[in-house]
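Novice: In this text, residue positions in the sequence shown follow the numbering used here: the first is 159, and each later residue adds one.
No residue lacks a Cβ here, since even glycine has one placed at the ideal position from N, Cα and C.
Dumping the structure here so I can ask a few things about it.
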Amino acid sequence: MATQEQLDNIRTDIDWGSLGFSYMPVRSHIRCSYKDGKWNEGVLLHDHTITMTIAATCLHYGQAAFEGLKAFRCRDGKVRVFRPDENAHRLNLSASRILGPEIPVDQFCDLVRRVVLDNIDYVPPYGSGGSLYIRPLYIGTGPQIGVAPSKDYELLIMVMPVGPYYKGGMTPVRALVIEDYDRAAPLGTGTIKLGGNYGASLKPAKIAKEKGFPIPLFMDPKTHQYVDEFGTSNFFGITKAGVYATPDSPSILASITNKSLQQIARDLGMKVECRHIHRDELGDFAEVGACGTAVVITPISEIVTADKVFRYGEECGPTLQKLYHAMTGIQYGELPDSHNWMFEV
159 MATQEQLDNI
169 RTDIDWGSLG
179 FSYMPVRSHI
189 RCSYKDGKWN
199 EGVLLHDHTI
209 TMTIAATCLH
219 YGQAAFEGLK
229 AFRCRDGKVR
239 VFRPDENAHR
249 LNLSASRILG
259 PEIPVDQFCD
269 LVRRVVLDNI
279 DYVPPYGSGG
289 SLYIRPLYIG
299 TGPQIGVAPS
309 KDYELLIMVM
319 PVGPYYKGGM
329 TPVRALVIED
339 YDRAAPLGTG
349 TIKLGGNYGA
359 SLKPAKIAKE
369 KGFPIPLFMD
379 PKTHQYVDEF
389 GTSNFFGITK
399 AGVYATPDSP
409 SILASITNKS
419 LQQIARDLGM
429 KVECRHIHRD
439 ELGDFAEVGA
449 CGTAVVITPI
459 SEIVTADKVF
469 RYGEECGPTL
479 QKLYHAMTGI
489 QYGELPDSHN
499 WMFEV
């Protein structure tokens with residue numbers, strides 16, 4: 159556990175209030191290597207570069223997965239990480255899909271603890287609205303020219319202080335339904351967090367932004383009739399009857415933020431539905447949000463399709479506000495952590 163001296167140490171050379179969501183070099187990252195059939199214990203490194211063979215499988219055959227989670231300086235002064243065990247489980251699903259070795263959940267959580275502790279002075283102070291973003295990167299590094307999985311792997315966990323992903327905070331944004339591109343194949347890798355999934359989303363996201371829409375919304379890749387997810391976030395909505403509804407699809411990523419918000423909604427007495435959501439049902443929602451680690455919740459003011467516009471208001475709805483404050487209240491230690499989600503460093 160962190161000592162009181164470590165917890166009291168906060169950098170004075172960073173303008174915490176002006177942080178965006180961008181890369182910042184810090185003291186160290188932690189690197190854990192898999193070789194000869196086992197993971198080593200991991201080592202903290204101060205060099206923010208990596209060297210590998212030009213034949214590495216991550217470069218040729220897409221053996222690259224990643225995660226995203228956050229550490230928070232809480233109201234009581236302690237630093238805690240939000241649900242790292244869930245990220246470990248999801249990373250292992252990605253590893254299994256690309257035929258890489260899984261890493262023990264306890265070891266993953268300890269690696270997170272060690273790298274956060276070594277950079278604890280970069281965790282933004284309580285009340286600043288910032289957090290320490292944690293990015294585990296899992297890559298196949300062994301040389302392989304024939305199409306086959308690597309024998310060697312690296313798990314690198316980097317950290318950096320961040321502010322909000324969208325500068326507007328809880329200000330609603332517009333979304334454009336992407337009709338000409340798919341983020342993932344119907345039975346492909348959309349359910350895991352591979353880098354290639356995000357590569358596929360770059361061009362449609364650029365198209366959406368050029369048209370004045372901060373985020374794209376993808377329909378299911380098989381029929382284009384059912385809602386899948388936003389470019390970097392899960393979709394959820396609050397129906398006019400007060401039901402929390404989110405898509406059930408074989409081609410979207412299982413968001414830990416969405417999973418947590420569903421539990422919070424149940425705690426608040428709301429009904430939760432994970433089901434197919436037809437594109438015509440977009441008009442049945444009173445509020446719509448995009449949710450993920452980086453944003454927690456971004457309210458959606460309108461969704462534009464090729465032939466319809468669905469409007470949800472220029473102000474953040476009351477239910478989204480309630481869910482957001484409940485989630486961040488737990489993360490910053492302002493509300494009871496009744497589900498034991500917070501992992502103390």
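Should Q221 be labelled buried (16 or more other beta-carbon atoms within 10 Å of its own) or exposed?
Specialist: Residue 221 sits at position 63 when you count from the first residue of the sequence shown. The residue in question, Q221, is buried, as its Cβ has 16 or more Cβ neighbours within 10 Å.
Novice: If distances are taken between C-alpha atoms only, which option among I278, F376 and T170 comes closest to C232?
Specialist: Within the sequence shown, numbered from 1, the residue matching residue 232 stands at position 74. Measuring from the Cα of C232, the nearest candidate turns out to be I278.
Novice: Hey, which unbroken runs of the beta strand (DSSP E) at 3 residues or more fall wholly within the stretch 282-319?
Specialist: 289-298
Novice: Sort P476, T415 and H206 by Cα distance to Y510 and report the nearest one.
Specialist: This structure cannot settle anything about residue 510, because the visible part of the chain is limited to 159 through 503.
Novice: Would you please state the rounded distance, in angstroms, between the beta carbons of F371 and V462? I believe it to be under 8 Å.
Specialist: As a first step, residue 371 is located in the sequence shown; it is residue number 213 there, counting from the start. As a first step, residue 462 is located in the sequence shown; it is residue number 304 there, counting from the start. Right, their Cβ atoms sit about 7 Å apart.
Novice: From the DSSP output, in three-state form, read off R255 for me.
Specialist: Start at 1 with the first residue of the sequence shown, and residue 255 comes out as number 97. Here R255 sits in helix by DSSP.
Novice: Taking 8 Å as the threshold, find out whether the stretch 377-397 comes into contact with the stretch 333-342 through three or more Cβ pairs.
Specialist: yes
Novice: Roughly how many angstroms separate the alpha carbons of E460 and G357, rounded to a whole number?
Specialist: Counting from one through the sequence shown, the residue named residue 460 turns up at place 302. Counting from one through the sequence shown, the residue named residue 357 turns up at place 199. Roughly 25 Å separates the two Cα atoms.
Novice: Does the pairing of the stretch 362-369 with the stretch 264-278 give three or more beta-carbon distances under 8 Å?
Specialist: no
Novice: Is the stretch 181-193 touching the stretch 307-321, taking contact as three or more C-beta pairs under 8 Å?
Specialist: The stretch 181-193 vs the stretch 307-321: in contact.
Novice: Run the CB neighbour count on L345, radius 10 Å, all protein chains shown included, and call it buried at 16 or more, exposed below.
Specialist: Indexing the sequence shown from 1 puts residue 345 at position 187. Result: exposed.
Novice: Please identify the residue among L481, T329, T397 and C190 whose C-alpha is closest to the C-alpha of D425.
Specialist: The sequence position of residue 425 within the sequence shown is 267, counting from 1. Considering only alpha carbons, the answer is L481.
Novice: In three-state terms, what does DSSP make of P372?
Specialist: Taking the sequence shown and counting its residues from 1, one reaches residue 372 at position 214. It is coil, neither helix nor strand.
Novice: How long is the line joining the alpha carbons of E199 and L257, rounded to whole angstroms?
Specialist: The residue given as residue 199 occupies position 41 in the sequence shown. The residue given as residue 257 occupies position 99 in the sequence shown. E199 and L257: Cα-Cα distance of roughly 21 Å.
Novice: Report the residue from V401, H204 and A223 whose alpha carbon sits nearest the alpha carbon of D276.
Specialist: Along the sequence shown, read from residue 1 onward, the residue named residue 276 stands at position 118. Taking only the C-alpha atoms, the option nearest D276 is H204.
Novice: Taking contact to mean 3 or more Cβ pairs, one atom from each stretch, closer than 8 Å, check whether the stretch 428-447 and the stretch 472-486 are in contact.
Specialist: yes
Novice: Less than 8 Å separating the Cβ of R437 from some heavy atom of the ligand NAD?
Specialist: In terms of ligand content, the structure shown is empty, and the ligand NAD therefore cannot be addressed.
Novice: Return the chain-ordered list of same chain residues with a C-beta closer than 8 Å to the C-beta of G354, the five sequence neighbours on each side being excluded.
Specialist: Walking along the sequence shown from the start, residue 354 turns up at place 196. These residues qualify, in order along the chain: G220, A222 and T347.
Novice: Does the pairing of the stretch 378-387 with the stretch 407-416 give three or more beta-carbon distances under 8 Å?
Specialist: yes
Novice: If you follow the alpha helix (DSSP H) that N392 is in, where does it begin and where does it stop?
Specialist: Counting from one through the sequence shown, the residue named residue 392 turns up at place 234. Counting along the chain, N392 falls outside any alpha helix (DSSP H), though it belongs to the beta strand (DSSP E) covering N392 to T397.
Novice: What is the residue span of the alpha helix (DSSP H) that T215 lies within?
Specialist: Stepping through the sequence shown from its first residue, residue 215 is reached at position 57. T215 to H218 is the extent of the alpha helix (DSSP H) around T215.
Novice: Buried or exposed for N167, going by 16 or more other Cβ atoms inside 10 Å?
Specialist: In the sequence shown, counting from the first residue as 1, residue 167 sits at position 9. Exposed.
Novice: Enumerate in chain order the residues of its own chain whose CB-to-CB distance from D495 is below 7 Å, with the five nearest sequence positions on each side excluded.
Specialist: Along the sequence shown, one-based indexing puts residue 495 at 337. Contacts found: I488.
Novice: What would DSSP say about A343, mapped onto helix, strand or coil?
Specialist: Locating residue 343 in the sequence shown gives position 185, where the first residue counts as 1. The three-state reading of DSSP puts A343 in coil, since its state is none of H, G, I, E or B.
Novice: Do Q383 and Y402 have their beta-carbon atoms positioned less than 9 Å apart in this structure?
Specialist: Working through the sequence shown from its first residue, we reach residue 402 at position 244. Working through the sequence shown from its first residue, we reach residue 383 at position 225. Taking 9 Å as the Cβ cut-off, Y402 and Q383 do not qualify as a contacting pair.
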